[in-house]
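Notes follow once the structure below has been shown.
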Amino acid sequence: MSQKVSRRDDVTIRFAGDSGDGMQLTGSQFTNTTALAGNDLSTLPDFPAEIRAPAGTVAGVSGFQIHFGSKAIHTPGDNCDVLVVMNAAALKANIKFLKPGGIIIANSDGFGKRDLSLAKYSPEEDPLAQIQTSGYTLIQVDIAKLTKESLKDSGLPPKDVDRCKNMFVLGIIYWLFSRDTEPTVKFIRNKFSKKEVIAEANIKALLDGYTYGNATQLFSERYTVEPARIEPGTYRNITGNEAAVLGIAAATQKSGLQTFFGSYPITPASDILHGLSRLKHFGIKTFQAEDEIAAVTSSIGAAFGGALALTSSSGPGIALKTEAMSLAIMLELPLVIINVQRAGPSTGMPTKTEQSDLLQAVYGRAGESPLVVLAPQSPADCFDMIYESCRIALEHMIPVMFLSDGYIGNGAEPWRFPTSANLKDINVSFAPSRNPDDAPFLPYKRNELLVRPWGIPGTPGLEHRIGGLEKEQDTGNISYDSDNHHAMTKIREKKRDLVATSIPDQTINEGVESGDLLVLGWGSTYGSIKAAVNDCVSGGLSVGHTHVRYISPFPKNLGDIFGRFNKILVPEINNGQLIKLLRDQFPEYFFEGYNRIRGVPFTVAELTDAIKKTLVGESITV
Amino acid sequence: MSNQTVEAELPKYSSKDFASDQDVRWCPGCGDYTILKQVQNLMPDIGVRRENIVFVAGIGCSSRFPYYMDTFGIHSIHGRAPAIATGLKTTRPELSVWVITGDGDALSIGGNHIIHVLRRNVDLNILLFNNEIYGLTKGQYSPTSREGLVTKSTPMGSLDHPFNPAALALGADAGFFARAMDRDPKHLRDMMERTNNYKGAALLEIYQNCIVFNDGAFEVYTDKQRRNETSLYLEDGKPLIFGTDSNKGIRLNGMRPEVVTLGTEFTADDLWVHDEKDHFKAYLLARFFEDNRHEDKLPRPFGVFYASERPTYDEKLNDQVEFAKEKKPNADLDKLLAGNETWVVK
Numbered sequence: 001m002s003q004k005v006s007r008r009d010d011v012t013i014r015f016a017g018d019s020g021d022g023m024q025l026t027g028s029q030f031t032n033t034t035a036l037a038g039n040d041l042s043t044l045p046d047f048p049a050e051i052r053a054p055a056g057t058v059a060g061v062s063g064f065q066i067h068f069g070s071k072a073i074h075t076p077g078d079n080c081d082v083l084v085v086m087n088a089a090a091l092k093a094n095i096k097f098l099k100p101g102g103i104i105i106a107n108s109d110g111f112g113k114r115d116l117s118l119a120k121y122s123p124e125e126d127p128l129a130q131i132q133t134s135g136y137t138l139i140q141v142d143i144a145k146l147t148k149e150s151l152k153d154s155g156l157p158p159k160d161v162d163r164c165k166n167m168f169v170l171g172i173i174y175w176l177f178s179r180d181t182e183p184t185v186k187f188i189r190n191k192f193s194k195k196e197v198i199a200e201a202n203i204k205a206l207l208d209g210y211t212y213g214n215a216t217q218l219f220s221e222r223y224t225v226e227p228a229r230i231e232p233g234t235y236r237n238i239t240g241n242e243a244a245v246l247g248i249a250a251a252t253q254k255s256g257l258q259t260f261f262g263s264y265p266i267t268p269a270s271d272i273l274h275g276l277s278r279l280k281h282f283g284i285k286t287f288q289a290e291d292e293i294a295a296v297t298s299s300i301g302a303a304f305g306g307a308l309a310l311t312s313s314s315g316p317g318i319a320l321k322t323e324a325m326s327l328a329i330m331l332e333l334p335l336v337i338i339n340v341q342r343a344g345p346s347t348g349m350p351t352k353t354e355q356s357d358l359l360q361a362v363y364g365r366a367g368e369s370p371l372v373v374l375a376p377q378s379p380a381d382c383f384d385m386i387y388e389s390c391r392i393a394l395e396h397m398i399p400v401m402f403l404s405d406g407y408i409g410n411g412a413e414p415w416r417f418p419t420s421a422n423l424k425d426i427n428v429s430f431a432p433s434r435n436p437d438d439a440p441f442l443p444y445k446r447n448e449l450l451v452r453p454w455g456i457p458g459t460p461g462l463e464h465r466i467g468g469l470e471k472e473q474d475t476g477n478i479s480y481d482s483d484n485h486h487a488m489t490k491i492r493e494k495k496r497d498l499v500a501t502s503i504p505d506q507t508i509n510e511g512v513e514s515g516d517l518l519v520l521g522w523g524s525t526y527g528s529i530k531a532a533v534n535d536c537v538s539g540g541l542s543v544g545h546t547h548v549r550y551i552s553p554f555p556k557n558l559g560d561i562f563g564r565f566n567k568i569l570v571p572e573i574n575n576g577q578l579i580k581l582l583r584d585q586f587p588e589y590f591f592e593g594y595n596r597i598r599g600v601p602f603t604v605a606e607l608t609d610a611i612k613k614t615l616v617g618e619s620i621t622v
Numbered sequence: 623m624s625n626q627t628v629e630a631e632l633p634k635y636s637s638k639d640f641a642s643d644q645d646v647r648w649c650p651g652c653g654d655y656t657i658l659k660q661v662q663n664l665m666p667d668i669g670v671r672r673e674n675i676v677f678v679a680g681i682g683c684s685s686r687f688p689y690y691m692d693t694f695g696i697h698s699i700h701g702r703a704p705a706i707a708t709g710l711k712t713t714r715p716e717l718s719v720w721v722i723t724g725d726g727d728a729l730s731i732g733g734n735h736i737i738h739v740l741r742r743n744v745d746l747n748i749l750l751f752n753n754e755i756y757g758l759t760k761g762q763y764s765p766t767s768r769e770g771l772v773t774k775s776t777p778m779g780s781l782d783h784p785f786n787p788a789a790l791a792l793g794a795d796a797g798f799f800a801r802a803m804d805r806d807p808k809h810l811r812d813m814m815e816r817t818n819n820y821k822g823a824a825l826l827e828i829y830q831n832c833i834v835f836n837d838g839a840f841e842v843y844t845d846k847q848r849r850n851e852t853s854l855y856l857e858d859g860k861p862l863i864f865g866t867d868s869n870k871g872i873r874l875n876g877m878r879p880e881v882v883t884l885g886t887e888f889t890a891d892d893l894w895v896h897d898e899k900d901h902f903k904a905y906l907l908a909r910f911f912e913d914n915r916h917e918d919k920l921p922r923p924f925g926v927f928y929a930s931e932r933p934t935y936d937e938k939l940n941d942q943v944e945f946a947k948e949k950k951p952n953a954d955l956d957k958l959l960a961g962n963e964t965w966v967v968k
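Protein sequence lines correspond, in order, to chains A and B. The first sequence: position 536 = 536 (the working numbering), numbered continuously. Plus 622 on top of the position in the second sequence (first one is 1) and you've got the working numbering.
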């Protein structure tokens with residue numbers, strides 16, 4: 001066959017199937033291969049809350065979207081060019097994401113009477129026929145049958161054969177986008193190293209899928225996407241949760257401490273616990289506690305003993321940890337609290353993303369409880385920001401909240417990873433031992449940054465008691481003195497504010513340095529805002545983008561930037577939280593919010609629209 | 623990260639070396655004073671340097687304890703001391719870590735942590751001060767208060783069925799459970815020593831009189847007239863004998879314990895011989911939990927119910943870390959950062 005090969009700058013593919021169809025694996029394999037091919041990329045896994053919702057239903061549909069290109073890619077793509085659907089429910093749930101004129105590759109085996117009924121199509125409907133009349137290109141392939149045919153000599157039972165369907169599809173897509181099958185072959189061999197028959201069956205399905213793409217007349221053209229012209233260097237693919245794991249390992253080595261990670265499983269944070277539990281040889285101890293409270297308090301115990309201590313959760317679990325977090329603030333011990341946010345309140349939508357724990361992070365504790373809040377802006381940035389969280393916690397003896405979310409936690413992008421030699425130093429020193437004749441150890445005597453000494457058990461002469469009761473300055477003894485409490489409250493706040501002395505200045509990330517409109521974002525909205533601002537700037541608009549990664553305290557120069565723009569727009573995937581902090585700390589400026597709370601990232605299109613409307617003074621309230 | 627390099631000879635400590643400079647602020651006559659004194663008396667004899675001892679407490683009257691010890695200490699939040707101590711002990715297994723808790727702290731708000739620390743068997747010494755009342759909040763009933771107790775929050779009498787701490791601990795598979803009381807300081811000290819010597823999660827329940835809100839809760843075990851009839855002191859390998867003239871004993875009639883009078887019909891040879899390692903009999907002993915204000919009840923046991931060692935959580939976790947380090951000796955950060963698949967952009 002000699003189909004036409006056309007070159008594309010960027011493509012978005014969405015894989016969708018039943019949660020048992022292996023779409024996450026298919027998506028992540030396509031991602032790795034695409035990364036190795038040198039494209040820039042961004043991904044968005046979209047899975048249902050249920051592990052296995054009833055097969056064939058819309059509730060059980062699992063999706064994975066990847067946007068890749070030869071140009072810089074900042075988001076997983078608003079809509080897709082190619083939609084792969086394994087059954088009728090997957091089509092029903094995902095057709096809205098397909099661009100006009102896009103390609104649908106449908107597993108015709110998943111569109112029987114029963115599949116249509118499970119997907120709640122009415123008996124008269126023929127969704128595939130409807131698609132053809134809607135201007136889409138429909139390619140129907142009986143993947144179940146073809147896979148069965150491919151593996152008829154494998155000796156595998158029908159159930160196992162059926163589970164190779166996703167590899168057959170992946171083979172077709174690899175052919176369609178001129179991809180190398182070898183990385184996935186290697187992956188399969190490795191994954192099923194102890195089940196050779198299964199490994200060979202998956203590989204055969206993959207390769208036969210590829211051959212099928214080549215042999216069939218169904219496709220009128222195939223595509224290539226050239227390697228991206230991105231910053232030179234060595235890259236790997238990484239998700240945000242994986243990057244956090246590596247950042248913690250890096251901070252462990254750079255600080256020279258052992259690490260204790262107390263955690264209780266919760267979506268979407270658990271992968272950090274899984275990843276760290278495999279790094280014991282780095283001196284990392286993970287502890288799956290009996291509950292969220294034990295997870296954080298065990299970490300506080302480890303911090304008292306001189307370990308780099310962390311705990312992780314998502315919004316509802318963080319709520320349970322708040323009393324312990326105020327204890328850590330009172331004890332002035334280093335502690336990193338990871339919050340991979342999800343849609344709330346309460347159980348909310350556990351597998352969907354949201355930025356709605358910001359005010360909880362900054363204010364959500366009893367009493368005056370200041371701590372440091374940092375927010376990574378992309379999957380790879382989770383490495384830098386968790387590393388920064390550990391550094392600040394250890395050097396400033398203060399709890400730090402690392403505020404990630406489900407989108408960047410599970411999403412992936414290429415990462416130009418650092419070498420260990422290029423990482424910032426982390427300076428840790430324990431208080432030295434004292435002789436009986438020395439003056440008594442003062443656990444709450446501070447240095448110029450108001451940081452108290454870390455006097456750990458096992459050090460002669462440092463015996464001291466600390467606790468949640470208010471402390472007398474210097475000695476740390478219990479104090480109910482009114483003036484002392486006032487002074488200590490101010491000290492704890494100032495100590496947090498002085499963290500600003502060791503963080504970088506705020507800069508303009510994209511667009512103009514001064515002008516009509518500043519778009520100010522934080523966290524996982526980075527890619528969408530960056531892409532939207534780029535579009536606007538190319539269209540001749542005077543727009544700049546600044547992204548805040550240090551939220552409490554803000555960088556010292558943040559306010560200086562505001563004066564250089566006529567308007568400031570603050571898009572957030574919440575009901576307006578950062579904007580409250582800005583209005584509180586910078587009352588002289590006017591901030592306009594753009595808020596969508598749908599459990600999904602912003603699309604570039606809606607942000608571009610909001611920017612344009614703000615520039616001309618139109619309302620953007622949704 | 624211990625600062626010690628060479629283990630210097632243990633200094634000769636006296637109990638005073640373990641008293642901090644803070645004024646003790648329990649009510650005059652509180653049972654906590656005796657317990658503090660016995661702990662300070664014991665410390666010079668446990669063979670541990672002062673800087674390697676840590677007391678961790680939750681919230682409540684008892685939990686003020688660490689402030690009065692000149693060791694390392696944390697006065698934390700309500701109920702969480704076992705979890706804090708778990709994090710400390712797993713990262714610093716060479717330390718001697720003591721948990722000080724009360725009936726409210728350990729069995730009500732911290733109930734989840736106490737059962738899990740026992741089943742995991744973290745090597746901790748846990749002293750549970752049981753006064754069957756909430757003292758620091760000024761007199762509400764606790765999870766060990768007896769049914770019907772009139773308190774500030776139960777003017778018509780408590781409806782709650784009380785916890786049986788021994789049964790709870792053994793139900794959670796504790797490897798060590800013992801009981802002592804404040805009014806018997808010598809036995810209390812012995813039990814603290816046993817608690818310290820046990821490698822694993824050791825729970826010592828201490829009956830402690832709250833003179834203000836629940837005075838006399840344990841009088842039936844301390845009153846000179848009655849205590850010999852109501853208390854049973856357990857000794858490993860010895861028959862269960864009690865009574866004013868040591869004239870009573872416990873016999874097992876099938877699975878049922880019964881009180882017999884020693885004399886012509888029964889002798890010491892017929893009695894149940896205490897075996898600290900017998901898990902099954904420990905369960906039966908835990909059921910000796912009758913209201914001894916009434917006559918003819920099974921006596922309340924004091925002493926070590928059960929003591930049987932098994933590998934500790936902190937030991938096992940540290941073994942896993944050591945094993946992982948042996949298997950992958952040079953933890954190469956750069957290799958980890960690069961992962962399995964990389965590509966180069968020129």
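Even glycine gets a Cβ: it sits at the ideal position worked out from N, Cα and C.
Item                                                                                                                                           : Value
Length at least 3, wholly inside the segment 806-866 of chain B: the beta strand (DSSP E) runs in chain order                                  : 824-829, 853-855
Strand pairing of Pro414 (chain A), partner residues [DSSP]                                                                                    : A:Asn237
6 angstroms CB neighbourhood of Arg801 (chain B) in its chain, flanking five on each side removed                                              : Glu827, Phe924
is_contact[Tyr235 (chain A), chain B] using C-beta, thresh 8 angstroms                                                                         : yes
Cutoff 8 angstroms: Gly617 (chain A) Cβ touching any chain B Cβ                                                                                : no
Ordered list of beta strand (DSSP E) runs contained in the segment 9-57 of chain A, each at least 3 residues                                   : 10-18, 40-46
Top-ranked residue by Cα proximity to Leu578 (chain A), from A:Ile620, A:Trp522, A:Val604                                                      : A:Trp522
Collapsed DSSP secondary structure at Asn477 (chain A) in the structure displayed                                                              : coil
Residues that Phe751 (chain B) contacts on chain A, provided the C-beta gap is smaller than 8 angstroms                                        : Chain A residues near Phe751 (chain B): none, gap ~17 angstroms exceeds 8 angstroms.
Chain-ordered residues of the segment 284-305 of chain A with a beta carbon less than 7 angstroms from chain B                                 : Lys285, Phe287, Ala289, Glu290, Asp291, Ile293, Ala294, Thr297, Ser298, Ser299, Ile300, Gly301, Ala302, Phe304, Gly305
Extent of the continuous beta strand (DSSP E) run through Pro879 (chain B)                                                                     : 878-883
Cβ neighbour criterion (16 or more within 10 Å) applied to Leu333 (chain A)                                                                    : buried
Beta-carbon contacts of Gly885 (chain B) that lie in its chain and below 8 angstroms, excluding the five residues immediately before and after : Asn869
For Lys382 (chain A), three-class secondary structure by DSSP                                                                                  : Residue identity check: residue 382 (chain A) is Cys in the sequence provided, not Lys. Helix.
CB contact below 8 angstroms: Asn674 (chain B) versus chain A                                                                                  : yes
Three-pair Cβ contact test at 8 angstroms for the segment 592-610 of chain A versus the segment 530-545 of chain A                             : yes
Chain A contact residues for Tyr689 (chain B), given Cβ-Cβ distances below 8 angstroms                                                         : Arg465, Gly467, Ile478
Met313 (chain A), DSSP secondary structure in three states                                                                                     : Note that residue 313 (chain A) corresponds to Ser in the displayed sequence, not to Met. In the structure shown, Ser313 (chain A) sits in a strand (DSSP, three-state: E or B).
Cβ of Gly925 (chain B) within 8 angstroms of any chain A Cβ                                                                                    : no
Proximal residues of chain B, C-beta to C-beta of Ile338 (chain A) below 9 angstroms                                                           : Residues of chain B passing the Cβ test: none, with the nearest at roughly 16 angstroms.
Cβ pair His809 (chain B), Leu469 (chain A) closer than 8 angstroms                                                                             : no
Start-to-end residues for the beta strand (DSSP E) that takes in Arg714 (chain B)                                                              : Taken as a continuous stretch (DSSP letters only), Arg714 (chain B) belongs to no beta strand (DSSP E), as it is neither H nor E.
C-beta contact flag for Val499 (chain A) and Ile398 (chain A) at 8 angstroms                                                                   : yes
Where the alpha helix (DSSP H) through Arg496 (chain A) begins and ends                                                                        : 482-497
Proximity winner among B:Gly726, B:Thr712, B:Lys903, relative to Gly283 (chain A) (alpha-carbon distances)                                     : B:Thr712
CB contact check: Trp965 (chain B) to chain A, cutoff 8 angstroms                                                                              : yes
Proximal residues to Leu276 (chain A) (C-beta, below 7 angstroms), its chain only, five neighbours per side dropped                            : Val245, Ile248, Phe261, Ile284, Thr286
Burial state of Glu880 (chain B) (16 or more Cβ within 10 Å)                                                                                   : exposed
Expected contact under 8 angstroms - CB spacing of Phe168 (chain A) and Ile139 (chain A) to nearest Å                                          : Going by Cβ atoms, the distance from Phe168 (chain A) to Ile139 (chain A) rounds to 14 angstroms, so no, they are not a contact pair.
Closer than 8 angstroms to chain A by CB, Gly793 (chain B)                                                                                     : no
Residue from A:Pro460, A:Met488, A:Thr267, A:Asp381 whose Cα sits closest to the Cα of Lys471 (chain A)                                        : A:Met488
Closest Cα partner of Gly455 (chain A) within the set B:Asn914, B:Val676, B:Val670                                                             : B:Val676
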